[in-house]
Each structure stands twice: as C-alpha cells, then as structure tokens.
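Trainee: Have a look at this one.
In mature numbering (1 follows the signal peptide of the UniProt record, and there is no 0), the protein residues as written are -22 to -1, 1 to 375.
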C-alpha cells in the first residue's frame, strides 16, 4: 500500500489544474506519443523501482546544461515531481512513478514502405578501465589531451555565421570562428602548443575506446586510479569504426564485440590508424578523483551515472531527468523480468531520434562485454510529469 507521501501526491494530482493523459497523441520528433496506463505496461514498475528513484533523485539534484527548446517534458512539472521524490520511501517507489507521471508509448508511424514501428533501438556503453601514466614513459606514450583554450562549444540549436550548421564546436580566431581541426589533423600536430596531455595510455586503440565511451578510469603504475572525464569535442561528425570494419570486410557483423574489434585493430596497426582517422570526431578530457566507486562518471545532465539505470537519450528531444520504461529483457534481468525503469541522464553524438537510447552498464571489462552485446530492439515508454498548468505535458507540436 502506498504510504503518506505518495497518497498526498495522488491527491495533489487530482486537484484543479492537473491534466489527464492527452485524448489525442502528440509528437516528439518523428514519433507519436500514445497514452498508455501504467497498469497496462507488462511488468511495470519492474524489479527494484527504488533503484530508479535513487537515479532520479541524483539527476534532479544536478545542474544540467540549458535544454533545447524542442525537448519534451515541462521543466516546472519535472521540478515538482523531483521535489515530491525527495519524500518517497523506497517501498513506495513504484507507486510514485505510476502516479506522478503519465506514460506514453513512443511510436514511429508508418512512412511509405516502412510499417508502424513500436520498437526502438537500445545499445549499451560503459566506463573502461585502462592502464596509464601521468608522464610519458616506455609503454605509455599515447597522450590524452585536455580541452584547448580556443575550442568553443555550441549550445542546442546554436550556430555561427559562415560555419556548417552541423558543426557543434569551432575554433575561436581573431576574426571570428573556423572549423576545428579533425582527428587526423590533431594527430598530426594541428593543435601545436595547445595540445596539453593530462596523462598517457598504452596505445592509440585505448585512446579511441576512451573517446568512444566518453570517460574512463585509469590505473596508474603506483596502483592509484584516476577518472578522466569528457570535457568537450571538436564538433566534427562521429563515424562508427565498427561499421567501417564490417563494410570493408575485415570482420563480420555477427559477434562484433568490443574485444574483437579492438583486438583486430591492435593486430593491424596500419589499417587501424587509417580507419580510426576516418572518424573526424575528437574528444578532450579532464582529470578527476573517484568519489564513489559504485557510481559512474557524471553524464551530460551533471549527475553521476547509475549502472543499469542511467540512459543516454537525444538531448534535442528529451529533457534530462525524464523516466523511461524500457520494454524488453535487459542486461542483468532476472527470470520473468519484462522491462526496467531508467532515467534520462546523458547523451551521445550517435544517439539520435525519439526511440534511440544507450544504457550505461558500469565500469570495467565485464560491463564492457555486456555493453558490446547490447544491440536490441526494445519498446520505449516515456513517463512525462503530470502537468500543473492544465495543459498536455511535454506537447512540442
């Protein structure tokens, strides 16, 4: 039975000014959001909804960057739900998510020859554990670079005159802005004195893995571990090296795990260099201490990521902090488990579209295997906070 905090929340939702689920579906990006009662979601709220509640509280307490004008989920409504979450007991977590939010299934309508699609696509990512050194020494010669002082990152929807609108960053010059050097140019010394290493890894493949994942833990020769965190990128488009390896026929798509493609790259250094340089995107980092080993690095929302609960989403469409119900069998699921509550807390350059997500799975080799194996069709159900203004929550038509 729901406790007092949830009971009071239910009463507040029934007061004038609250809104029932929309009678007509509304759109987010290319998708239509169809109202669905939480009770009709098979398996909802899943095993241990208190884990999702903890992740929500952590995300609510963070300071996210400004959101794009196109995101779904009204900021004031989510703030009210976050405030209510602070007094919810762990045993009441499931009831809280069912009453504080309205559930909408993300459906991409039929388009030409494509039938209606009720499943999205979910991948996994992780925090790699690598070996490194604070100084260049034999065995550790690949630099991890700090953010250069002339790198300017653009906010959501922000552009600069004369630049390709697809660029998400640029180099500030005395006369304005110019495209930032791509990966190949940076590797060839294009940053000059602005290239300032924060530490050194074993080889370029380790650096590439770190850049793909966006953060990592580095074990130093004295046994200490430090965390390296994303601190900006050159704004160039991302190209999947896995796709390049498969397209060129070096490895089959079936069974293409992280261990397999990184092993192939190390066994073919000349080909590896050529392929990695085709990914023009380049990531810069900063060094940080590890405060809680059980949690991951901060995501784009500013909160430490929770393994199995933090979801990277398209930040141009979804507000950080929104809960999602993922319909499907996810990593670590127990027998009979049919879905999981997760919280939007991060983003990524490859995470584009309303039914596309990347689930954070933890730190180290085991998490890396799980992340590499997660490439599944799942259903996406967004939980939008109930409106306090008597309007359809999150309507961005």
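Each residue gets a CB set at the ideal place from its N, CA and C atoms; glycine is no exception.
Taking only the alpha-carbon atoms, compute the straight-line gap between residue 255 and residue 280 and give it to the nearest angstrom.
Mentor: On the chain shown, residue 255 is found 277 positions in, with the first residue counted as 1. On the chain shown, residue 280 is found 302 positions in, with the first residue counted as 1. In a straight line, the C-alpha of residue 255 is about 30 Å away from that of residue 280.
Trainee: Under 8 Å between the Cβ atoms of residue 285 and residue 205?
Mentor: Here residue 285 is taken as the residue at index 307 of the chain shown, counted from 1. Here residue 205 is taken as the residue at index 227 of the chain shown, counted from 1. No, the Cβ-Cβ distance between residue 285 and residue 205 is not below 8 Å.
Trainee: I need the DSSP call for residue 175, collapsed to helix, strand or coil.
Mentor: What you label residue 175 is simply residue 197 of the chain shown in a count that begins at 1. The answer is strand: DSSP assigns residue 175 an E or B state.
Trainee: For residue 88, which of 312, 329, 9 and 336 has the nearest alpha-carbon?
Mentor: The count along the chain shown starts at 1 and reaches residue 88 at position 110. Nearest of 312, 329, 9 and 336 to residue 88, Cα basis: 9.
Trainee: Under 8 Å Cβ to Cβ from residue 17, same chain only, skipping five residues before and after it: list those, please.
Mentor: Residue 17 sits at position 39 when you count from the first residue of the chain shown. If we look at residue 17 and ignore the five residues flanking it on each side, its Cβ neighbours are 76.
Trainee: Mark residue 301 as exposed unless 16 or more other C-beta atoms lie within 10 angstroms of its C-beta, in which case mark it buried.
Mentor: Working through the chain shown from its first residue, we reach residue 301 at position 323. Result: buried.
Trainee: Can you tell me where the beta strand (DSSP E) with residue 10 in it begins and where it stops?
Mentor: In the chain shown, counting from the first residue as 1, residue 10 sits at position 32. Element bounds for residue 10: 9 to 13.
Trainee: Could you work out which residue in 298, 305, 318 and 311 is closest to residue 325 when comparing CA atoms only?
Mentor: Counted from its first residue, the chain shown places residue 325 at position 347. Here the closest residue by C-alpha is 298.
Trainee: Relative to the C-alpha of residue 212, which residue among 162, 96 and 103 is closest?
Mentor: For the purposes of this step, residue 212 is taken as residue 234 along the chain shown, with counting starting at 1. The shortest Cα separation from residue 212 among 162, 96 and 103 belongs to 162.
Trainee: Exposed or buried, what is residue 92 when buried is set at 16 or more other beta-carbons lying within 10 Å of its beta-carbon?
Mentor: By 1-based counting over the chain shown, the position of residue 92 is 114. Residue 92 is exposed by the Cβ-count criterion.
Trainee: Inspect the CB distances between the segment 118 to 125 and the segment 172 to 184 and report whether three or more fall short of 8 Å.
Mentor: With a cut-off of 8 Å, the segment 172 to 184 and the segment 118 to 125 count as touching, because enough Cβ pairs lie within range.
Trainee: For residue 100, which of 342, 31, 335 and 351 has the nearest alpha-carbon?
Mentor: On the chain shown, position 122 is the one that residue 100 refers to. When only C-alpha atoms are compared, the closest one is 335.
Trainee: CA-CA distance, residue 165 and residue 115?
Mentor: As a working note, residue 165 is residue 187 in the chain shown. As a working note, residue 115 is residue 137 in the chain shown. Taking the straight line from one Cα to the other gives about 19 Å.
Trainee: Can you say whether residue 44 is buried or exposed, counting buried as having 16 or more other CB atoms within 10 angstroms of its CB?
Mentor: As a first step, residue 44 must be located in the chain shown, where it is residue number 66. By the neighbour-count rule (16 or more Cβ atoms within 10 Å), residue 44 is not buried but exposed.
Trainee: Which residue's Cα is closest to the Cα of residue 245: 195, 328, 306 and 182?
Mentor: For this step, residue 245 is matched to residue 267 along the chain shown. Checking every option, the nearest Cα to that of residue 245 belongs to 182.
Trainee: Per DSSP, what kind of secondary structure is residue 268 in: helix, strand or coil?
Mentor: The sequence position of residue 268 within the chain shown is 290, counting from 1. Coil.
Trainee: Quick check on residue -12: buried or exposed, where buried means 16 or more other Cβ atoms within 10 Å of its Cβ?
Mentor: Indexing the chain shown from 1 puts residue -12 at position 11. Residue confidence is low: residue -12 scores 38 on pLDDT, short of 50, so the model does not pin down where it sits. No coordinate-derived value is stated.
Trainee: Run through the segment 90 to 139 for me and flag every whole beta strand (DSSP E) of 3 or more residues, listed as ranges in chain order.
Mentor: You should have 98 to 105, 107 to 111, 120 to 123 and 129 to 131.
Trainee: Quick check on residue 200: buried or exposed, where buried means 16 or more other Cβ atoms within 10 Å of its Cβ?
Mentor: Here residue 200 refers to the residue found at position 222 when the chain shown is read from its first residue. Under this definition residue 200 is an exposed residue.
Trainee: Where does residue 344 land, buried or exposed, given buried means 16+ other C-beta within 10 angstroms?
Mentor: Walking along the chain shown from the start, residue 344 turns up at place 366. With fewer than 16 Cβ atoms within 10 Å of its Cβ, residue 344 is classed as exposed.
Trainee: Can you give me the Cβ contacts of residue 152 inside the same chain, cut-off strictly under 6 Å, excluding the 5 residues immediately before and after it?
Mentor: Numbered from its first residue, the chain shown carries residue 152 at position 174. Cβ neighbours of residue 152 beyond the five flanking positions: none.
Trainee: Across the segment 352 to 366 and the segment 45 to 65, are there enough close Cβ pairs to call them in contact, namely three or more that are closer than 8 Å?
Mentor: Enough Cβ pairs lie closer than 8 Å, so yes.
Trainee: From which residue to which residue does the beta strand (DSSP E) around residue 22 run?
Mentor: The residue given as residue 22 occupies position 44 in the chain shown. It is not in any beta strand (DSSP E) - residue 22 carries neither H nor E in the DSSP assignment.
Trainee: Please determine, among 185, 168, 128 and 67, the residue with the shortest C-alpha to C-alpha distance to residue 107.
Mentor: As a first step, residue 107 must be located in the chain shown, where it is residue number 129. The shortest C-alpha separation from residue 107 is found at 185.
Trainee: To the nearest angstrom, report how far apart residue 327 and residue 189 are at their CA atoms.
Mentor: In the chain shown, residue 327 corresponds to position 349, counting from 1. In the chain shown, residue 189 corresponds to position 211, counting from 1. Going from the Cα of residue 327 to the Cα of residue 189 covers about 12 Å.
Trainee: Which value, in whole angstroms, describes the spacing of the CA atoms of residue 167 and residue 149?
Mentor: Your numbering for residue 167 matches position 189 in the chain shown. Your numbering for residue 149 matches position 171 in the chain shown. Taking the straight line joining both Cα atoms gives about 15 Å.
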